[in-house]
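Chains as they are written, first to last, in numbering that gives the first Met the number 0: chain W, 0 to 423; chain V, 0 to 85; chain H, 0 to 450. We treat Cβ as the ideally placed atom computed from N, Cα and C, and that holds for glycine. One structure below.
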Amino acid sequence: MKIGLEVHVSLPTKSKLFCSCSTKASEPNSAVCPICMGFPGAKPMLNEEALRFAVSIANALHCNINDRVSFVRKVYFYPDLPKSYQITQLYEPIGINGFVECCDGKRIGIRRIQLEEDAAKIIRGDDYTLLDFNRSGIPLVEIVTEPDIKSEDELRSFLTELTSILYYLGIDIEGELKTDLNISLADARVEVKNITGIRNLIDAARYEIQRQEKLIKSGAKVAQETRSYIEAKKETVGTREKETEEEYGFIPEPDLTSYDITHIPKIKPVYASKIAEEYAKAYNVDKKLIAEFILFDKHALELIDATKDKYEMKYILNGIGLIKKYRKGEIKLEAFEKLLELIKEGGYIDEETLSKIEKGEQISTESLNIELIKKEVRELLTPSIKLNYKKNPKIINFIIGKITTKYKVSPREVAEIVKEEISD
Amino acid sequence: MQSDFDKLLKVCRIRLDKEEKEKMEKELEEIIKYFDVLDSVRIEEVNEQRAKVERLRKDEVKQFDNIEGLLKNTKTYRFYVVGPKV
Amino acid sequence: MSSINSIEEFASIEKGGDYYQKLLEELARLNERLHAFSNINSSINSFPFSAKDNLCVKGVETTASSKILDGYIPPYNATAVERLLNNGFSFLGKTNMDEFGFGSFGINAQEIVRNPFDERYVAGGSSSGAAVATSILKYHVAIAESTGGSIATPASFCGVVGFTPTYSTISRYGLIDYSNSMDKIGIMARTAKDIRPIFDLIRGPDGYDSTTSDLSITSINKKKLIVIDQLLDLVDQRIRELFEKMLDKLNAKGYSIEHRSIDLIDASIASYYIIAMAEASTNLARYTGFKYGFKIEDFDKGYNEFFTEARSVFGEEAKRRILLGTFVRSANVKDKYYFKALKVRDMLSSRLEKILEEGFIILPVMPIPAPKIEDAKKLTPLQVYKMDALTIPPNLCGLPHISFPYAYDNGLPLGAEVITSKFNDYAIIDFVEEWEEDFEYKFKYKIGEVK
Chain W
0 MKIGLEVHVS
10 LPTKSKLFCS
20 CSTKASEPNS
30 AVCPICMGFP
40 GAKPMLNEEA
50 LRFAVSIANA
60 LHCNINDRVS
70 FVRKVYFYPD
80 LPKSYQITQL
90 YEPIGINGFV
100 ECCDGKRIGI
110 RRIQLEEDAA
120 KIIRGDDYTL
130 LDFNRSGIPL
140 VEIVTEPDIK
150 SEDELRSFLT
160 ELTSILYYLG
170 IDIEGELKTD
180 LNISLADARV
190 EVKNITGIRN
200 LIDAARYEIQ
210 RQEKLIKSGA
220 KVAQETRSYI
230 EAKKETVGTR
240 EKETEEEYGF
250 IPEPDLTSYD
260 ITHIPKIKPV
270 YASKIAEEYA
280 KAYNVDKKLI
290 AEFILFDKHA
300 LELIDATKDK
310 YEMKYILNGI
320 GLIKKYRKGE
330 IKLEAFEKLL
340 ELIKEGGYID
350 EETLSKIEKG
360 EQISTESLNI
370 ELIKKEVREL
380 LTPSIKLNYK
390 KNPKIINFII
400 GKITTKYKVS
410 PREVAEIVKE
420 EISD
Chain V
0 MQSDFDKLLK
10 VCRIRLDKEE
20 KEKMEKELEE
30 IIKYFDVLDS
40 VRIEEVNEQR
50 AKVERLRKDE
60 VKQFDNIEGL
70 LKNTKTYRFY
80 VVGPKV
Chain H
0 MSSINSIEEF
10 ASIEKGGDYY
20 QKLLEELARL
30 NERLHAFSNI
40 NSSINSFPFS
50 AKDNLCVKGV
60 ETTASSKILD
70 GYIPPYNATA
80 VERLLNNGFS
90 FLGKTNMDEF
100 GFGSFGINAQ
110 EIVRNPFDER
120 YVAGGSSSGA
130 AVATSILKYH
140 VAIAESTGGS
150 IATPASFCGV
160 VGFTPTYSTI
170 SRYGLIDYSN
180 SMDKIGIMAR
190 TAKDIRPIFD
200 LIRGPDGYDS
210 TTSDLSITSI
220 NKKKLIVIDQ
230 LLDLVDQRIR
240 ELFEKMLDKL
250 NAKGYSIEHR
260 SIDLIDASIA
270 SYYIIAMAEA
280 STNLARYTGF
290 KYGFKIEDFD
300 KGYNEFFTEA
310 RSVFGEEAKR
320 RILLGTFVRS
330 ANVKDKYYFK
340 ALKVRDMLSS
350 RLEKILEEGF
360 IILPVMPIPA
370 PKIEDAKKLT
380 PLQVYKMDAL
390 TIPPNLCGLP
400 HISFPYAYDN
410 GLPLGAEVIT
420 SKFNDYAIID
430 FVEEWEEDFE
440 YKFKYKIGEV
450 K
């Protein structure tokens with residue numbers, strides 16, 4: 000089985016790839032100009048930040064980065080393509096021959112990384128289409144993999160690793176990934192085009208694998224074709240002919256020169272899954288847990304790195320878990336350290352406690368324990384004890400005894416708590 | 000070149016009637032035959048004539064100052080541009 | 000002969016209260032026969048310039064003389080236009096041209112442009128209207144454009160100065176593209192003295208055109224003129240005689256005349272047309288009948304059918320170039336035609352650069368005198384393409400060249416071109432200024448002249 004992907008990633012630049020229109024517009028056709036609408040006479044102007052992101056991605060995926068890059072015109076007719084050609088790369092792309100490490104020590108090859116412009120947004124009607132050119136010209140990086148992915152699980156693992164690497168480069172996907180999926184179980188290569196998001200990509204792969212398996216089992220041939228993924232049905236369906244390369248008629252883009260990218264400063268890549276593995280080994284904790292915390296959370300990683308020499312990793316992970324629960328991961332280092340102190344002492348921490356910590360209030364482990372105590376008391380108070388308490392008050396003595404051995408608290412205090420709990 | 004020529008017309012989204020097609024095909028054949036003079040040229044490696052200037056644009060937002068004039072050229076429906084169905 | 004340019008002279012003359020109105024009326028009358036302008040601006044109040052109809056002028060219909068752009072109203076000015084407007088010049092109107100620049104005679108225009116010296120004859124192309132306008136208006140400069148010779152040719156047929164600068168010196172932002180690697184905006188005027196001040200105003204780097212250069216312009220004159228024999232051999236006997244007479248005159252003025260050989264003549268023509276058409280076919284792909292210009296409304300047709308229907312309004316030459324251009328860049332023949340053509344361009348550039356180190360190249364602009372319109376129509380496409388043999392070398396290689404009249408034969412002007420190395424543009428402008436010192440221009444019309 001061979002699975003390969005052509006992943007399109009939108010870059011988070013402020014302006015578009017070839018013009019100064021904003022990349023974040025809401026009202027349709029409000030961030031447009033002669034360049035991104037393909038008006039006669041307009042010409043492209045390359046965005047240096049888009050180039051920097053593209054080079055950084057190629058670098059993070061271990062590609063050979065070309066010294067010089069250039070662009071081409073890829074000609075085809077479709078209403079969402081304003082110039083009827085897309086400015087993309089072919090002869091001198093950003094980088095080639097890289098890899099992504101995932102899937103338990105495997106390397107998925109990256110064939111090429113190229114920079115190109117997005118097309119307009121198309122809304123299909125029955126008798127017409129409506130077009131929003133806000134999206135036209137937004138910078139995309141296309142990541143083409145080798146057909147090295149061999150299963151749905153590997154696909155998942157690859158996507159997690161890729162999106163984590165992109166996240167740490169400052170590219171937050173949020174489901175905006177657009178992918179062409181190439182799957183062949185036998186000889187014929189089937190391409191499923193234009194799948195949006197990761198969920199759909201995995202579903203489409205799963206369906207397609209099953210479809211091809213069924214065909215092969217029944218002795219039928221799998222047709223080499225282009226298909227589309229129908230989200231509503233979770234199925235792939237055959238579509239029209241794919242345009243062959245001959246019809247694209249690529250020529251070098253004559254309105255742009257070639258660009259020396261050797262001096263472009265790259266964003267430093269972070270391989271969070273590797274770090275998770277490292278830390279799991281070094282600190283004897285669960286790799287999956289750390290990975291879950293840091294793969295898409297730079298702040299969590301920062302906190303871990305800032306505290307790992309002072310505190311035990313198990314406390315740190317405990318702390319991270321708590322702030323993710325109560326604070327969606329946001330906390331100042333100072334407050335986090337105080338939190339770790341309390342965790343170390345075995346205190347019970349809830350939302351209120353966390354607020355107090357952040358406010359800088361003094362918290363005694365004791366007052367923390369009150370909540371824990373209350374919790375334990377509730378557990379020990381069976382309905383029958385509650386019923387019989389009025390007749391026989393001494394019935395709660397065993398509870399008081401239990402609690403006072405465990406916590407630093409006076410019997411009188413415990414008695415108060417128990418009485419409160421009973422009267423509730 | 001018969002079906003090749005039809006394919007070429009299709010790729011270009013150009014339509015010709017029968018007479019026009021005959022005339023055009025003949026003319027194209029003559030011109031392409033002339034272009035074949037390139038076959039007899041032996042390539043010499045010379046300095047490629049690349050433009051020297053590499054101009055990059057800073058990533059700053061600048062709204063086009065006449066979007067209204069731009070869209071007046073199209074047919075719009077509630078801010079969307081109307082186009083043919085796909 | 001006056002030593003000041005037309006702009007200075009214009010500033011000094013007494014213009015009466017109805018000067019501009021009279022000028023426009025006279026122009027409109029003549030234009031009805033010559034079709035130099037596709038539209039004339041009624042509100043001018045300073046030194047006027049015209050713009051070839053492939054230059055976007057904000058709010059003014061700009062069609063590149065193609066039906067497929069009928070009704071296109073650009074929302075912005077081409078940089079060259081903007082810079083003139085910002086410097087107090089008045090926009091006079093759009094000048095007629097061969098559709099998208101596809102032509103050498105001005106007969107592929109929406110209205111055929113006629114030669115002011117004899118209206119049976121062509122004005123040359125593709126900047127036909129620009130040359131005619133320059134030839135009939137006393138105070139005016141034309142902003143025109145050349146890809147394969149579209150300034151030099153009409154300038155020579157209409158007896159005016161036609162300057163095509165080094166590729167990349169004038170921003171192409173707002174120029175409706177024909178062949179991006181070879182399109183050059185240029186200037187036509189009745190005297191070379193008008194060229195440099197306008198050139199300096201409109202040239203220079205522009206952020207909106209990534210190919211613009213910031214290299215400085217020089218004026219190096221080695222006092223040597225070089226004739227390329229294989230190209231001169233293509234020229235009519237009669238023109239050659241008159242041309243040689245001019246060379247004698249220049250020789251007497253202190254220029255040494257030499258002859259050189261160059262191969263690749265036919266290969267250059269092929270190379271030019273292959274590259275130009277390949278790029279043009281991609282530039283014209285955007286015209287699909289719904290974003291601007293000519294629009295159809297049968298949206299329910301299905302996009303392929305819709306596009307094909309809209310694109311049927313392209314002229315015949317435009318269709319021909321789209322088809323050829325698409326063919327030469329298709330995968331299985333691309334190496335043979337497109338990439339080979341690029342290499343030939345580089346080879347020719349290298350040869351010419353060497354020759355130009357020694358001096359200017361000088362040649363007639365066209366191998367034939369201006370033909371009658373009805374005769375031009377009879378030429379086959381390939382015959383027309385081969386007429387560009389003399390203007391293609393500098394245009395293919397982006398070299399600055401200037402066309403100027405040197406004789407009148409049968410009542411029609413003949414033009415020669417002087418070519419120099421890249422960025423040495425001032426030198427050839429100065430050359431023509433020098434030539435003008437004892438050459439008498441003949442103009443049939445002088446609209447706007449104050450007697």
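Limits of the unbroken alpha helix (DSSP H) element including residue i
i: W:H298; result: 297-306
i: W:G400; result: 396-405
i: H:N30; result: 18-33
i: H:V343; result: 339-355
i: W:N199; result: 197-216
7 Å Cβ cut-off: residues of chain V touching residue i
i: H:I321; result: C11, I13
i: H:Y177; result: In chain order: nothing, as chain V lies at least about 17 Å away.
Buried versus exposed, by CB contacts within 10 Å (16 or more), residue i
i: H:K385; result: buried
i: W:V236; result: exposed
i: W:T229; result: The sequence given here has Ile at residue 229 of chain W, not Thr. W:I229 should be labelled exposed.
i: H:S2; result: exposed
i: W:V8; result: buried
i: W:L158; result: buried
i: H:R171; result: buried
i: W:G169; result: exposed
i: W:P78; result: buried
i: W:E244; result: With a pLDDT of 40 at W:E244, under the threshold of 50, the predicted position of this residue should be treated as unreliable, and no value is reported.
Range covered by the beta strand (DSSP E) that runs through residue i
i: H:K183; result: 183-188
i: V:V80; result: 79-82
i: W:Y228; result: 225-229
i: W:I95; result: 94-101
Contacts of residue i in chain V (Cβ-Cβ under 8 Å)
i: H:A277; result: Residues of chain V passing the Cβ test: none, with the nearest at roughly 11 Å.
i: W:K233; result: Going along chain V, no residue has its Cβ under 8 Å from W:K233, so there is no contact; the nearest lies around 23 Å.
CB of residue i within 8 Å of CB of residue j, strictly
i: W:P268; j: W:I109; result: no
i: H:K223; j: H:E257; result: yes
i: W:I194; j: W:A203; result: yes
i: H:G292; j: H:G70; result: yes
i: W:E115; j: W:Q88; result: yes
i: W:Y435; j: H:F298; result: As displayed, chain W neither begins before 0 nor continues past 423, which places residue 435 of chain W out of reach and without an answer.
i: H:Y120; j: H:I372; result: yes
i: V:F78; j: W:P27; result: yes
i: H:D205; j: H:T78; result: yes
i: H:R319; j: V:E26; result: yes
i: H:A50; j: H:I111; result: no
Proximal chain V residues relative to residue i, where beta-carbon distance stays under 9 Å
i: H:G301; result: P83, K84, V85
i: W:K13; result: D58, E59, V60
Where residue i meets chain W, residues with beta-carbon distance less than 8 Å
i: H:L174; result: G40
i: V:L8; result: Under the 8 Å cutoff, chain W gives no residues; its nearest Cβ is about 12 Å from V:L8.
Beta-carbon neighbours of residue i, restricted to chain H and to distances below 8 Å
i: W:F76; result: A284, T287, Y302, N303, F306
Beta-carbon neighbours of residue i, restricted to chain H and to distances below 9 Å
i: V:E29; result: T379, P380, L381
i: V:T75; result: None at all; the shortest Cβ gap to chain H is about 11 Å.
Neighbour list for residue i in chain W, Cβ cutoff strictly below 9 Å
i: H:Y272; result: Here the premise fails: no neighbours, minimum Cβ distance about 15 Å.
Short of 9 Å Cβ to Cβ, which residues in the region 97-119 of chain H face chain W? none
Members of the region 119-148 of chain W that neighbour chain H once the beta carbon cut-off is set at 7 Å: D126, Y127
Taking any Cβ of chain H, which residues in the region 247-269 of chain W have a Cβ under 7 Å from it, in chain order? Listed in sequence order: G248, I250, P253, D254, L255, T256.
Selection of the region 83-97 of chain W by Cβ proximity to chain H, strictly under 8 Å: S83, Y84
With 9 Å as the limit, tell me which residues of the region 23-49 of chain W have their beta carbon closer than that to any beta carbon of chain H; keep them in chain order. C32, P33, I34, M36, G37, F38, P39, G40, A41, K42, P43, M44, L45
Given a limit of 8 Å on CB to CB distance, which residues of the region 211-238 of chain W reach chain V? none
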